[in-house]
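Report on one structure; see the data block that follows.
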């Protein structure tokens, strides 16, 4: 880890907080309150953890403004309106202190007809294809492939080993993690007379709007015709599969290993757990929440539904049925008993 | 998108169709009939969409020979025996107009003992190992790794960032998408006395026959001994896992995120949905269809079975059981009522 | 395959076995007993296969010391205490005959502040970042990315196209297969007032201890703070997702496509089947076995539990319930019959 030293005064200034204790207390790392050592900065937001504050060895603890200690506290306190949010601000501040790479590392391959913006980093062994256009303030780490005619906006971070096929379009302020593949062919085949499958050419593309974050080893396939579209603010975890011609609505969040089949249309502000499966050609209403490992095979038309199961239905109903499923052996015995009684 | 202009005459010639309307009508893109604009080419195959043809702004619409308009149509029509198949032919024609890359881009690494065929493209940063043999008319995009002694046939396309381990064998006319890993070690470990697992060396290989298409981020592990084998015409979607010593039969099609465990033998002409799991050492009969997210843990001996569930059984029986599962709360209440009545 | 010739004498010497038959019998490959040809070496460990030994064309068969043939055997036999283990020893011996690559292949990128141990192989197009430290006897194949300040111990093998983000720590004697991504950001976002999600910087790292094997296309995310930790002797199959701040206990073995959500703590000596899902923030006791495709959403506190289902419970209870689930249609008919009788 990069070692950086802050004292309580500097932290209070960043967070607009007030110090209670030694304003020269120094910290060199973030820790959980229950694991903190001298030199640790930690925070107390969840009341469940309050008791740790009287024994923690942390040098500095961020607390909410309304925190009233019941016993003496040894650590220096910094009071802020929201300790949980403050830690996110500090993490971000810390993260930004890391020096970002810049310039073109050699050897890289930039086609003579590619266009690069200002303040762009092109890592070694990265390939920028013909007519690709890269915006300003973009980091493209080593070993990435940016295909022909790809358009990438401003302020994007593309980690090593990402592959972006021809004609893909990426907006601004996006982050794409390693190993992800954008724009591979959709899975389109038509059977011929001999039970063989013949490929249907996939000539569409992928469009990713602004503020999208894509995890590691995700696939987003190009459309057969038209575009596979990831709307503004979508967050995708690792190992997700987005098939051809899918649309993911604004600010939807999808956990790892979920698969969305071809031409499905997912609404805005949805939340899907891990390992969820969505059938092809269906529509999922805005605000739908789907429990991990569930499979949705029909349209979800009611907004803000919460679903579970395969095929998925209302989560409370699922849990009720599942309790009985666990007891089925008893239930069947009760039935047998009645059968004997009635004869 | 590459912009290409066709007029109705050229399209009719490619498809052997007959024109009804302006043979000089010009199109520059494919569209869906409901989204078409002037300059669009679209098709009408599904009767459900027939009503759009009277209002579409498309310049040209492909229709089946037997289409009889009920109202005036503004677009130029091209009549063909099968409008749906014609669009696939045109997509393919369009796709082939794209100029293919060729030659060796610098820098790449080609071992002096590797052998390259004619008309081969080796992208920048691609690695071709010792004694590897690449056939004619093969495209290997940037950043691929072709290990020692790998044999690749003719007319293959290998997209960026593909890894093919030593001794793998690929047939002709195959396509492999980005990030896919062929020939990594099978998952073979034996426990020792100390509850540790000791690796069993994996000295087999992977053999992929002709006309196979493999999606992005697929793994096909090498055999412990012998070969993991993908037969002719198999189509694999993204994120699929094929373990060591598996055999996938001819023309089988597998959807995304499915996993096939070690030494399983899958028949010909099977179709598996997404996220399916197949247990190790089992055999699946020809023509078996498995619904998404199902798990198969025993041999499937009857050909053309259609299965669902985990463990999977007949799909109609599964659906019947699942309807009752959803109603279990009611069913149990009915049982309770009887119990009370009988006392 | 690399062709290597052994005779019975050499094999007996490696295994400390005794020869019965021609000590000059020569083999050039390993085969299964039922598929063996002249020139094959095979083994007989499972009594189920004993009958093959009287008809096999194998030149040499390894058998257990106590094997008593019931009919004449044509192959040369080598008697060893444990034929199954002997084959693993031979596979390993054979594997080690393969010449390992060495030195720095050109072009590669090694930052001037990176430190390399002795007998290190750096493949072409591999990137070693600032302050990275690589131990002795390490193979890093082509096209890998080793980020800033990564520490890698001794005797590791890192296959092509692996990405290891900054600050990750890898122990000794580890193997990492192609396409795997270690240290990408954890999936951490907090909603703001406008239903958008704001990224929480992920400033922790990944720590992998000794003797760990990681399959192809695995992701292990960095911790938000602190470390995501993979303990000594863990074996991970392909396509596994390990989220931020997870800990995997010593000698635990996990099959392909399993996902472990954030901050889950997995015990020692656990075995998980493929496509298992583990919920965030839960603890799984030592020795827990989880059946393929199961989902665990609560703490498992009892050691050596065997679980199945989603949510998972005791595997025998699951199987009992599932048998009734398959019969639910009949069960409901029996209930209806009673209702008619009584009602």
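Residue numbers (our numbering), protein chains in the order written: chain A, 1 to 343; chain B, 344 to 686; chain C, 687 to 1029. Here a beta-carbon is modelled for each residue, glycine too, at the ideal position from N, C-alpha and C.
So does residue i have its beta carbon nearer than 7 Å to some heavy atom of the ligand PLP?
i: residue 680 of chain B; result: This structure simply doesn't include the ligand PLP, nor any ligand for that matter.
How would you call residue i, buried or exposed, if buried means at least 16 neighbouring beta carbons within 10 angstroms?
i: residue 789 of chain C; result: exposed
i: residue 165 of chain A; result: buried
i: residue 528 of chain B; result: buried
i: residue 609 of chain B; result: buried
i: residue 1004 of chain C; result: buried
i: residue 1027 of chain C; result: exposed
i: residue 922 of chain C; result: buried
i: residue 258 of chain A; result: buried
i: residue 47 of chain A; result: exposed
i: residue 644 of chain B; result: exposed
Of the choices the options, whose alpha-carbon is the least far from that of residue i?
i: residue 716 of chain C; options: C:709, C:692 and C:792; result: C:692
i: residue 320 of chain A; options: B:469, B:670 and B:529; result: B:670
i: residue 558 of chain B; options: A:340, A:211, A:188 and A:232; result: A:188
i: residue 703 of chain C; options: C:773, C:719 and C:718; result: C:773
i: residue 39 of chain A; options: A:330, A:75, A:143 and A:145; result: A:75
i: residue 368 of chain B; options: B:420, B:413 and B:613; result: B:420
i: residue 917 of chain C; options: C:923, C:1027, C:910 and C:894; result: C:894
i: residue 777 of chain C; options: B:457, B:685 and B:533; result: B:533
i: residue 306 of chain A; options: A:297, A:272 and A:8; result: A:272
i: residue 751 of chain C; options: C:896, C:855, C:706 and C:720; result: C:706
i: residue 465 of chain B; options: B:474, B:489, B:543 and B:555; result: B:489
i: residue 549 of chain B; options: B:526, B:686, B:672 and B:412; result: B:526
i: residue 803 of chain C; options: C:709, C:979 and C:820; result: C:820
i: residue 34 of chain A; options: A:56, A:193, A:109 and A:181; result: A:56
i: residue 287 of chain A; options: A:249, A:141, A:44 and A:262; result: A:249
i: residue 879 of chain C; options: A:283, A:129, A:251 and A:329; result: A:251
CA-CA distance, residue i and residue j?
i: residue 228 of chain A; j: residue 638 of chain B; result: 30 Å
i: residue 561 of chain B; j: residue 584 of chain B; result: 6 Å
i: residue 234 of chain A; j: residue 254 of chain A; result: 8 Å
i: residue 303 of chain A; j: residue 285 of chain A; result: 5 Å
i: residue 675 of chain B; j: residue 314 of chain A; result: 19 Å
i: residue 634 of chain B; j: residue 516 of chain B; result: 29 Å
i: residue 675 of chain C; j: residue 797 of chain C; result: There is no way to answer for residue 675 of chain C, as the model of chain C reaches only from 687 to 1029.
i: residue 985 of chain C; j: residue 681 of chain B; result: 37 Å
i: residue 61 of chain A; j: residue 956 of chain C; result: 37 Å
i: residue 11 of chain A; j: residue 158 of chain A; result: 31 Å
i: residue 539 of chain B; j: residue 898 of chain C; result: 11 Å
i: residue 309 of chain A; j: residue 668 of chain B; result: 11 Å
i: residue 335 of chain A; j: residue 679 of chain B; result: 10 Å
i: residue 312 of chain B; j: residue 521 of chain B; result: Because chain B spans 344 through 686 in this model, residue 312 of chain B falls outside it and cannot be assessed.
i: residue 766 of chain C; j: residue 106 of chain A; result: 56 Å
i: residue 349 of chain A; j: residue 890 of chain C; result: Residue 349 of chain A lies beyond the stretch modelled for chain A, which goes from 1 to 343, so this question has no answer here.
i: residue 139 of chain A; j: residue 70 of chain A; result: 49 Å
i: residue 54 of chain A; j: residue 73 of chain A; result: 5 Å
i: residue 783 of chain C; j: residue 268 of chain A; result: 57 Å
i: residue 202 of chain A; j: residue 544 of chain B; result: 40 Å
i: residue 620 of chain B; j: residue 220 of chain A; result: 22 Å
i: residue 714 of chain C; j: residue 323 of chain A; result: 58 Å
i: residue 443 of chain B; j: residue 137 of chain A; result: 31 Å
i: residue 687 of chain C; j: residue 510 of chain B; result: Unreliable positioning characterises residue 687 of chain C in this predicted model, as indicated by a pLDDT of 40, which lies under 50. A coordinate reading is not provided.
i: residue 316 of chain A; j: residue 946 of chain C; result: 24 Å
Quick one: measure Cβ to Cβ for residue i and residue j, integer angstroms, because I've assumed they're closer than 8 Å.
i: residue 244 of chain A; j: residue 222 of chain A; result: 6 Å
i: residue 132 of chain A; j: residue 156 of chain A; result: Residue 132 of chain A to residue 156 of chain A, Cβ: 13 Å. No contact.
i: residue 607 of chain B; j: residue 622 of chain B; result: 7 Å
i: residue 519 of chain B; j: residue 505 of chain B; result: 5 Å
Quiz item: Which runs of the beta strand (DSSP E) fall wholly inside the region 728 to 798 of chain C and span at least 3 residues, in chain order?
Solution: Listed in chain order, they are 746 to 750 and 762 to 766.
Exercise. Please go through the region 156 to 208 of chain A and give each complete beta strand (DSSP E) segment of 3 or more residues, from N-terminal end onward.
Key: List check, beta strand (DSSP E) in window: 189 to 191, 197 to 199 and 205 to 208.
Practice problem: Could I get the ranges of all uninterrupted beta strand (DSSP E) runs contained in the region 204 to 243 of chain A, with 3 residues as the minimum, in chain order? | Solution: For the region 204 to 243 of chain A, whole beta strand (DSSP E) runs of length 3 or above, ordered along the chain, are 205 to 208 and 227 to 230.
Quiz item: Residue ranges of each alpha helix (DSSP H) run of no fewer than 4 residues wholly in the region 257 to 331 of chain A, ordered along the chain?
Solution: Inside the region 257 to 331 of chain A, DSSP marks whole alpha helix (DSSP H) runs of 4 or more residues at positions 315 to 326, from first to last along the chain.
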